[in-house]
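Trainee: Structure incoming, see below.
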Amino acid sequence: MSTRYPFTAVVGMDDLRLALLLNAVSPAVGGVLVRGEKGTAKSTAVRALADLLPEVPVVAGCRFSCDPATPDPACPDGPHEAGAPAARAARMVELPVGASEDRLVGALDIERALAEGVKAFEPGLLADAHRGILYVDEVNLLHDHLIDLLLDAAAMGSSYVEREGVSVRHAARFLLVGTMNPEEGELRPQLLDRFGLTVEVAASREPEQRVEVVRRRLAYDDDPAAFAARWADEERTLRDRIVAARALLPAVVLGDTALLRIAATCAAFEVDGMRADIVMARTATALAAWDGRTDVTAEDVRQAALLALPHRRRRNPFDAPGLDEDKLDETLDRFRDTDDDDPDPGPGDGGPGGGGGVPPQGEGPEAAPESTGTDEGPAPAPAPGGPGAGERAAVKAAEPFRTKMLSVPGLGEGAAGRRSRARTEHGRTTGAVRPRGALTKLHLSATVRAAAPHQKARGRTGAGLVVRRDDLRQATREGREGNLVLFAVDASGSMAARQRMSAVKGAVLSLLLDAYQRRDKVGLITFRGRDAEVALPPTSSVDAAAARLEQLPTGGRTPLSAGLLKAHDVLRVERLRDPSRRPLLVVVTDGRATGGQDPVALAARAARLHAAEGTAAVVVDCETGPVRLGLAGDLARELGGSAVTLDELRADSIAGLVRDVQAGHATRRAA
């Protein structure tokens, strides 16, 4: 195995290191979600933790890493007899983004179960990670149903696999660590809540610290073994401290005052449910053990709140993460005089960001700047700010609302989501086919129908059914997929009235929130003046799109054809990158086209390019006033799509309801 970068050589990032170490002391804390821009050594720190965990005794030959002292009575490889245990290093198991459900939880051999009556089970990654670390890089890009399975196993400490009446259960207790770049999309709040702690990391902006990052990384790349040897003493010291903290943990007392502080803090920040209280209690207890104490102090509760609450306060993807520390201190101060004064933190105590025992800046073989370096690349430059010549300043968006369902017609095969119909691994069963490759979802009635005509020839006797491999049928299922929703927003002078543009931005913000909830990718194109630009390339980060929208200035002519052509270019590239993800083009405009020679004809020609490729399109008609030209409706017809006004876009719109009823009557009359 290649030599990992030493944990104690990671520069700075005290909160991240502390959160990982607390989970190493007490896996019941519930894992860590690490959020940060690319190139901040998130993966490096997580992988380095595995070498600090003590060896674990296991039952020799057990594929599920049973503890010889307390073997799992339901272990699929059991029952286990007393014998000499084997010892091995705690495993570091990585779950790739493209993993299947069978790879995660394991697979039952349905063919052998039906044809031979044998319950054969091949363990998955959850079994491999038992009593070790399960690491999910880019956890925000993992399919929702896999995240649900993963977090359920982490919460229950066991994994269940059930297929067609055959079930297997095995223990699955592990330290769960997920890393993500928020620019690539957020996790749903319900899933965020299932991670015990969260940490935000960012690269240092201090030149001296960045120099040290590069120096260490280059030294490691030149000779990993020699670099690791330089940090061996620090690694050994930290490993011994983890063992000592684990031994002390059962003796730590969580008093009533500490519990009151925890409850008051969670109530003050209006955190939903009780999971936050439980996680804070476990984290504060682990902090005390990490510092070699048996009492939980107010400082432990404060640090636990900073790690356990920020991600639980987000209600939607546009809420900024974080915690108001002044409010936190005010809440804790109410209980300062109700018990013994907390001792002043000693040199070994863990304070906010200190990590207690993790070498801070200036310790170890070399000075410790704020973050390590990786090869993930530089962070993107911020979007340009204020208005230029001839522009009007950006206006704020109106409050978002629940929008009507916009979908792509037909049946797709893209990434799992909630917008358009698609063939999926999960959903309602719609038919059966012969399996191509391994059988995963058996269609029982279709299998029986395929086997029934051959029973006499197979010499069946009695009431049994003889099933052979050729009889097996794979169930086909229909669910929902996520789409690429590409917004083309008209920011020209005809859209620039303050109240009107505020409503337009509010509508786009509402559609972005809808795209987040339906697990879509989004892109943003704006057109004004003489040209169009890609304000945000297609991404899963709807909050990044919302930030670009907020900064959008208006003014100038309406290059509608340029906006449509730019959208065509973006979609062409995206089809090459991800051909299974179907696009939905949403053009937000009043339909006017100005500038250049014959702008209306050019816009119509550009629209017909999208229609020729079958791109689903919706025009959000922003025209207002008593006299309306209906240009947006004309554009929708050229696109081969539909038009909807700002009022009709609302899910509870009376105007939209009337139009839908009228359309239904017209359809019935035509029939």
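Just so you know, we're using the working numbering here: the sequence shown kicks off at 1351 and counts up by one.
The C-beta atom is built at its ideal place from N, Cα and C for all residues, glycine as well.
Among the candidates A1801, F1357, T1939 and V1923, whose CA atom is the shortest distance from the CA of F1577?
Mentor: Within the sequence shown, the letter at position 227 stands for residue 1577. When only C-alpha atoms are compared, the closest one is F1357.
Trainee: Return helix, strand or coil for L1794, following the three-state DSSP convention.
Mentor: Your numbering for residue 1794 matches position 444 in the sequence shown. Helix at L1794.
Trainee: How many angstroms separate the CA atom of V1884 from the CA atom of T1876?
Mentor: As a working note, residue 1884 is residue 534 in the sequence shown. As a working note, residue 1876 is residue 526 in the sequence shown. Between V1884 and T1876, the C-alpha separation is close to 7 Å.
Trainee: What is the C-beta distance between V1835 and V1936, in whole angstroms, given that I count them as a contact (C-beta under 8 Å)?
Mentor: Along the sequence shown, read from residue 1 onward, the residue named residue 1835 stands at position 485. Along the sequence shown, read from residue 1 onward, the residue named residue 1936 stands at position 586. About 6 Å; that satisfies the 8 Å criterion.
Trainee: Thinking C-alpha only, which one of L1368, F1751, P1909 and G1605 is nearest A1395?
Mentor: For the purposes of this step, residue 1395 is taken as residue 45 along the sequence shown, with counting starting at 1. Cα-wise, what sits closest to A1395 is L1368.
Trainee: Among the candidates A1439, P1473, L1491 and K1855, whose CA atom is the shortest distance from the CA of T1529?
Mentor: As a working mapping, residue 1529 is identified with position 179 in the sequence shown. Selected option, being the one with the closest Cα: L1491.
Trainee: Would you mind listing the beta strand (DSSP E) stretches within the region 1474-1523 that are 3+ residues and don't spill past its ends, in chain order?
Mentor: You should have 1483-1487, 1508-1513 and 1516-1521.
Trainee: With a threshold of 8 Å on Cβ separation, who are the neighbours of R1850 within its own chain once the five nearest residues in sequence on each side are excluded?
Mentor: Residue 1850 sits at position 500 when you count from the first residue of the sequence shown. Contacts found: C1972 and T1974.
Trainee: On a CA-only basis, which of D1928, A1788 and L1657 is nearest L1370? Give me that one, please.
Mentor: To locate residue 1370, count along the sequence shown from 1; it is residue 20. Of the listed residues, the one whose Cα sits closest to L1370 is L1657.
Trainee: Just grab the DSSP bridge partners of V1406 for me.
Mentor: As a first step, residue 1406 must be located in the sequence shown, where it is residue number 56. Answer by DSSP bridge pairing, in chain order: R1438.
Trainee: With contact counted as at least three CB pairs below 8 Å, one residue from each stretch, are the region 1544-1554 and the region 1381-1388 in contact?
Mentor: The region 1544-1554, when compared against the region 1381-1388, does touch it at the 8 Å Cβ threshold.
Trainee: Please specify which runs of the beta strand (DSSP E), each continuous and at least 3 residues long, are wholly inside the region 1851-1885, giving them in chain order.
Mentor: The region 1851-1885 contains these whole beta strand (DSSP E) runs: 1871-1878.
Trainee: Helix, strand or coil: how does DSSP classify P1785 here?
Mentor: Within the sequence shown, numbered from 1, the residue matching residue 1785 stands at position 435. Correct three-state label for P1785: coil.
Trainee: What residue from L1886, V1858 and V1938 has the CA that sits closest to S1842's CA?
Mentor: Residue mapping note: residue 1842 aligns to position 492 of the sequence shown, counting from 1. It is V1938 whose Cα lies nearest to the Cα of S1842.
Trainee: In this structure, does DSSP put V1443 in helix, strand or coil?
Mentor: Locating residue 1443 in the sequence shown gives position 93, counting from the first residue. Here V1443 sits in strand by DSSP.
Trainee: Compute the beta-carbon to beta-carbon distance between D1452 and G1482, rounded to the nearest angstrom, for a pair I have assumed lies under 8 Å.
Mentor: If you number the sequence shown from 1, residue 1452 lands on position 102. If you number the sequence shown from 1, residue 1482 lands on position 132. About 20 Å; that fails the 8 Å criterion.
Trainee: Quick one: residues in its chain with C-beta nearer than 7 Å to the C-beta of S1992, no 5 flanking neighbours on either side, listed in chain order?
Mentor: If you number the sequence shown from 1, residue 1992 lands on position 642. Closer than 7 Å at the Cβ level, and outside the excluded window around S1992, lie V1968 and A1986.
Trainee: Just checking my contact of L1445 with L1458 at CB under 8 Å: how many whole Å lie between their CB atoms?
Mentor: The residue given as residue 1445 occupies position 95 in the sequence shown. The residue given as residue 1458 occupies position 108 in the sequence shown. The Cβ separation is near 20 Å, so there is no contact.
Trainee: Near V1954, which residues of its chain fall below 6 Å by C-beta distance, leaving aside the five closest residues on each side in sequence?
Mentor: On the sequence shown, residue 1954 is found 604 positions in, with the first residue counted as 1. For clarity, residue 1954 is Ala in the given sequence; the question names Val instead. If we look at A1954 and ignore the five residues flanking it on each side, its Cβ neighbours are E1988.
Trainee: Which of the three DSSP states, helix, strand or coil, is assigned to Q1540?
Mentor: The count along the sequence shown starts at 1 and reaches residue 1540 at position 190. In this structure, Q1540 counts as helix in the three-state DSSP scheme.
Trainee: Thinking just about the alpha-carbon of each residue, which of A1765, A1882 and P1888 is nearest to the one in G1832?
Mentor: Mapped onto the sequence shown, residue 1832 falls at position 482. Answer by Cα proximity: A1765.
Trainee: Cα separation between A1361 and R1566?
Mentor: For the purposes of this step, residue 1361 is identified with residue 11 of the sequence shown, where counting begins at 1. For the purposes of this step, residue 1566 is identified with residue 216 of the sequence shown, where counting begins at 1. The question names Ala, but residue 1361 in the sequence shown is Val. Straight-line Cα distance between these residues: approximately 9 Å.
Trainee: Determine, for K1806, whether the minimum Cβ-Cβ distance to residues of chain D falls below 9 Å.
Mentor: Absence of chain D from the displayed structure is noted, only one protein chain being present.
Trainee: Are the region 1560-1575 and the region 1412-1431 in contact at 8 Å, needing three or more beta carbon pairs?
Mentor: As far as the Cβ criterion goes, the region 1560-1575 does not touch the region 1412-1431, which means the pair count is below three.
Trainee: Could you give the distance in angstroms between the alpha-carbon of H1480 and the alpha-carbon of A1626?
Mentor: In the sequence shown, counting from the first residue as 1, residue 1480 sits at position 130. In the sequence shown, counting from the first residue as 1, residue 1626 sits at position 276. Approximately 24 Å, taken between the alpha carbons.
Trainee: Would you decide whether P1377 is buried or exposed? Buried here means 16 or more other CB atoms lie within 10 Å of its CB.
Mentor: To locate residue 1377, count along the sequence shown from 1; it is residue 27. Buried, because 16 or more other Cβ atoms sit within 10 Å of the Cβ of P1377.
Trainee: Take the Cβ of D1571 as the centre, count every other Cβ of all protein chains shown within 10 Å, and call the residue buried at 16 or more, exposed below.
Mentor: Here residue 1571 corresponds to residue number 221 of the sequence shown, with the count starting at 1. So D1571 counts as exposed.
Trainee: Give every residue of the same chain whose Cβ lies closer than 6 Å to the Cβ of G1781, excluding the five residues on either side of it in the sequence, and list them in chain order.
Mentor: Counting from 1 along the sequence shown, the entry for residue 1781 is found at position 431. Around G1781: T1826.
Trainee: By DSSP's criteria, P1933 is part of a beta bridge. Which residues make up the other side?
Mentor: Along the sequence shown, one-based indexing puts residue 1933 at 583. Per DSSP, L1834.
Trainee: Across which residues does DSSP place R1827 in a beta bridge pair?
Mentor: Start at 1 with the first residue of the sequence shown, and residue 1827 comes out as number 477. T1774 and T1779.
Trainee: What residue ranges within the region 1546-1582 form continuous beta strand (DSSP E) runs of no fewer than 3 residues, ordered along the chain?
Mentor: With a minimum length of 3 residues, the continuous beta strand (DSSP E) runs that stay inside the region 1546-1582 are 1547-1551.
Trainee: Looking only at its chain, what residues have a beta carbon closer than 7 Å to the beta carbon of E1763, apart from the 5 residues adjacent to it on each side?
Mentor: Here residue 1763 is taken as the residue at index 413 of the sequence shown, counted from 1. Taken in chain order, the residues that qualify are A1772, R1773 and S1930.
Trainee: Classify L1609 as helix, strand or coil using the three-state DSSP reduction.
Mentor: Position 259 of the sequence shown, counting from 1, holds the residue named residue 1609. Here L1609 sits in helix by DSSP.
Trainee: Considering only the beta carbon of each residue, do L1476 and H1520 sit closer than 9 Å?
Mentor: For the purposes of this step, residue 1476 is identified with residue 126 of the sequence shown, where counting begins at 1. For the purposes of this step, residue 1520 is identified with residue 170 of the sequence shown, where counting begins at 1. Closer than 9 Å, so yes.
Trainee: Hey, out of R1932, Q1540 and R1354, whose CA is closest to D2035's CA?
Mentor: Any answer about residue 2035 is impossible in this case: the structure gives the chain only from 1351 up to 2021.
Trainee: CB L1899 to CB L1859, shorter than 9 Å?
Mentor: To locate residue 1899, count along the sequence shown from 1; it is residue 549. To locate residue 1859, count along the sequence shown from 1; it is residue 509. Result yes, Cβ atoms of L1899 and L1859 sit closer than 9 Å.
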